[in-house]
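Working notes, structure below.
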Amino acid sequence: MAKKNLIGFSREELEAELVGMGEKAFRTKQLWHWIYHQGEMDFDQMTSLGKPLREKLKETYVLLKPEVVTEQLSEDTTRKWLLRTQDRNEVETVFIPEEGRGALCLSSQVGCTLTCSFCHTGTQKLVRNLTAAEIVGQIMVARDTYDEWPSDGHDRHFTNIVMMGMGEPLYNYEEVSKALKIIMDEEGISMSRRKITLSTSGVVPMMERCGEELGVGLAVSLHAVRDELRDILVPINKKYPIKELLEACRKYPGSSNARRITFEYVMLDGLNDSAADAKELARLLKDIPAKINLIPFNKWPGVEYECSSHHKIKQFSEILNERGLSAPIRMPRGRDIMAACGQLKSASEKARKFSENKSEQPVA
Ligand code: SAH
Ligand code: SF4
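Going by numbering that gives the first Met the number 0, 339 is the number at position 340 of the sequence shown; the sequence numbering is gapless.
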C-alpha cells in the first residue's frame, strides 16, 4: 500500500493517525512542530520523537511537497515556481517582494473551471482541485528557497499570503480552508488571518462561510459595473449578478472600515475604463467598506484585449479618490516571466499548445 502523505493533514487527523498507532496524543504537537515550525521533512531528524516512533512513522508515512520543475526570477525580483504534483499536474506559485514585506500568491486549482475572457488561467483545459497538501506544499517550497525555517516570525520574506494564483479558491473551499487553517496554526507556519487575502470571482453562496470560518480578508474580482459587460468578462456573473455579489459583500463577516473588502478592477481599454464607469463604481460601493485595486491588464499570447492608457487609469483613480475611495494602481510585477495577475498557466499546457499550433502550420 502506498504510504500516506502527512502534509495537509489537519491537527485532528494527525492526532487520529498517531493515536491509531498506539501513541499518546501529545505527540501530535511535537510532530506538527517539526513539520510546520522547523520545516523538517526527514523523520530521522525529528529527535524529540524517539527512535521507535520515528521508525514506525517511516514505515507508514511520507512527507511530500510538490516537486519544483522550474524557478524563474523576474528583473523586478518577482519569483515564480512551476510545481509538479504527484500525478504530474502542474501549478504555479508566485512571490512578490516589496520593501519590508512580500506576498506569496498561492494557486488553488490546476487551471480554472471558470473562463474569464481576459484571464490566461481560464483558457487551460485541464482542471482539478488542489489538495490541502498541495496548497500548503506551495508555501513550504517557497520557504525552502528563501531558507525561511524555522517559522519564528523574524525577518520573514513572506509577510502576506494571497489566494490569487491559478483557480477559483471558493470552488475548492474544503481543501483551501483546510490548508489555510494549517497555515494559520500558531504552532506552525503561523500566518495571521489578517495577513491572508482570498480572491474570488464572486462565488456568492460560499462567501459568508469563508468569512465566518476563516476570517481572512476578501478580494472580489469585480471588473465591470454593468451586468452585460461583467457577463462577458467574468461569466460567473450570469449565475451571481452584481447586485447579489455586492449584497454578499455587505454581509461579509468581519469586514469593517479597518478591514475593507478589496475590489479588483482590471483596466481594459475602451471597455470598462470611462469616467462614467468610475462614477458608477463609486456609487455601487458607497455603502460597503471598500478599497479598490486598479489592475493594469496583463497581456498574454493570443488575447485581444488591450490595457487602458496610463492617463485613463490615472483619471479613473482620481474620480474614485474624489468620492472618498482609495484606488491605488497596482504596479504590474513579474510580467517578463509571465508571473503577473492572470498570466499563470502551466508550462506543459503551453508547450502542448505550441506543438499543436506548429503541427497545424503548412509544411513548406
Ligand atoms: N480566481 C480568483 C483568483 C485568481 S485571479 C479570482 O478570479 O478572483 C487573481 C486576479 O487577477 C483576479 O482579480 C483576476 O480577475 C485578475 N486577472 C486575471 N487575468 C488578468 C489579466 N490578464 N490582467 C490583470 N489581471 C487579471
Ligand atoms: Fe479563474 Fe480567476 Fe482566472 Fe476567472 S480570473 S478564469 S476565476 S483564475
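Where is the CB? At the ideal position from N, CA and C, for every residue including glycine. Remember, it's a predicted structure, so these values are computed and weren't measured experimentally.
Q: Would you check if the distance between the CB atom of GLU174 and the CB atom of LEU113 is smaller than 7 angstroms?
A: Numbered from 1 along the sequence shown, position 175 holds the residue referred to as residue 174. Numbered from 1 along the sequence shown, position 114 holds the residue referred to as residue 113. No. Outside cutoff.
Q | Coarse secondary structure for VAL175, derived from DSSP in three states | A | As a position in the sequence shown, residue 175 is number 176, starting the count at 1. In the structure shown, VAL175 sits in a helix (DSSP, three-state: H, G or I).
Q: Provide the residue(s) that pair with LYS28 in DSSP beta bridges, ordered along the chain.
A: Here residue 28 is taken as the residue at index 29 of the sequence shown, counted from 1. In DSSP, LYS28 forms no bridge with anything.
(Q) Here's the rule I'm using: 16 or more other beta-carbon atoms within 10 Å means buried, otherwise exposed. How should ASP272 be labelled? (A) The residue you call residue 272 lines up with position 273 of the sequence shown. Label assigned to ASP272: buried.
(Q) Taking only three categories from DSSP, how would you classify ILE287? (A) Working through the sequence shown from its first residue, we reach residue 287 at position 288. The answer is coil: DSSP assigns ILE287 none of H, G, I, E or B.
Q.
For a test of your reading of the model: does the CB of GLY121 fall under 6 angstroms from any non-hydrogen atom of the ligand SF4? Yes or no.
A. Position 122 of the sequence shown holds residue 121. Yes, since a heavy atom of the ligand SF4 falls inside the 6 angstroms radius drawn around the Cβ of GLY121.
Q: Entirely within the region 170 to 252 and at least 4 residues each: give me those alpha helix (DSSP H) ranges in chain order.
A: Taking only runs of at least 4 residues, the alpha helix (DSSP H) segments lying wholly in the region 170 to 252 are 172 to 183, 203 to 212, 226 to 232 and 241 to 249.
Q | GLU128 Cβ short of 6 angstroms to the ligand SAH heavy atom set | A | Here residue 128 refers to the residue found at position 129 of the sequence shown. In the sequence under discussion, the amino acid at residue 128 is Asn, which differs from the Glu named in the question. ASN128: no, Cβ never under 6 angstroms from the ligand SAH.
Q | Closest residue to LYS57 among GLU91, GLN137, ALA1 and LEU82 (Cα-Cα distance) | A | For the purposes of this step, residue 57 is taken as residue 58 along the sequence shown, with counting starting at 1. It is ALA1 whose Cα lies nearest to the Cα of LYS57.
Q) Which whole-angstrom value is the C-beta distance of GLY201 and TYR239, which I expect to be below 8 angstroms? A) One-based indexing of the sequence shown puts residue 201 at position 202. One-based indexing of the sequence shown puts residue 239 at position 240. Yes, they are in contact, since the Cβ atoms of GLY201 and TYR239 sit about 5 angstroms apart, within 8 angstroms.
Q: Would you decide whether PRO361 is buried or exposed? Buried here means 16 or more other CB atoms lie within 10 Å of its CB.
A: Residue 361 sits at position 362 when you count from the first residue of the sequence shown. With a pLDDT of only 33 at PRO361, under 50, the local geometry of the prediction cannot be trusted, and no value is derived from it.
(Q) Looking at chain D, is there any beta carbon in it that lies within less than 7 angstroms of the beta carbon of GLY19? (A) Checking the listed chains, one finds no chain D in this structure; it contains a single protein chain.
Q) How many angstroms separate the CA atom of ARG127 from the CA atom of GLY110? A) Sequence index remark: in the sequence shown, residue 127 carries index 128 (1-based). Sequence index remark: in the sequence shown, residue 110 carries index 111 (1-based). Linking ARG127 to GLY110 through their CA atoms gives a straight-line distance of about 7 angstroms.
**Q.** DSSP state of ARG100 mapped onto helix, strand, coil
**A.** Sequence index remark: in the sequence shown, residue 100 carries index 101 (1-based). When DSSP states are grouped into helix, strand and coil, ARG100 belongs to the strand group.
Q | Simplified DSSP state of GLU54, which is helix, strand or coil | A | In the sequence shown, residue 54 corresponds to position 55, counting from 1. In this structure, GLU54 counts as helix in the three-state DSSP scheme.
Q | heavy atom of the ligand SF4 below 6 angstroms from SER345 C-beta | A | Position 346 of the sequence shown, counted from the start, is the residue given in the question as residue 345. The answer is no for SER345.
Q.
So if DSSP puts LEU267 in a beta bridge, which residue, or which two residues, is it bridged to?
A. For the purposes of this step, residue 267 is identified with residue 268 of the sequence shown, where counting begins at 1. Per DSSP, CYS306.
Q. By a C-beta neighbour count over all protein chains shown, 10 Å radius and 16 as the cutoff for buried, is LYS313 buried or exposed?
A. Within the sequence shown, the letter at position 314 stands for residue 313. Burial call: exposed.
(Q) Between VAL161 and LYS64, how many whole angstroms is the CB-CB distance? I'm expecting something under 8 angstroms. (A) As a working note, residue 161 is residue 162 in the sequence shown. As a working note, residue 64 is residue 65 in the sequence shown. That pair is no contact at about 20 angstroms.
Q. Going by the beta-carbon positions, is the gap between GLY210 and PRO149 smaller than 7 angstroms?
A. Within the sequence shown, numbered from 1, the residue matching residue 210 stands at position 211. Within the sequence shown, numbered from 1, the residue matching residue 149 stands at position 150. 7 angstroms or more divides the Cβ of GLY210 from the Cβ of PRO149.
Q. CA-CA distance, GLY101 and VAL215?
A. Numbered from its first residue, the sequence shown carries residue 101 at position 102. Numbered from its first residue, the sequence shown carries residue 215 at position 216. Computed Cα separation, rounded: 17 angstroms.
Q: Tell me, please, which residues DSSP counts as bridged to GLN369.
A: Residue numbering for the chain in the displayed model covers 0 to 363; residue 369 lies beyond these limits and cannot be assessed.
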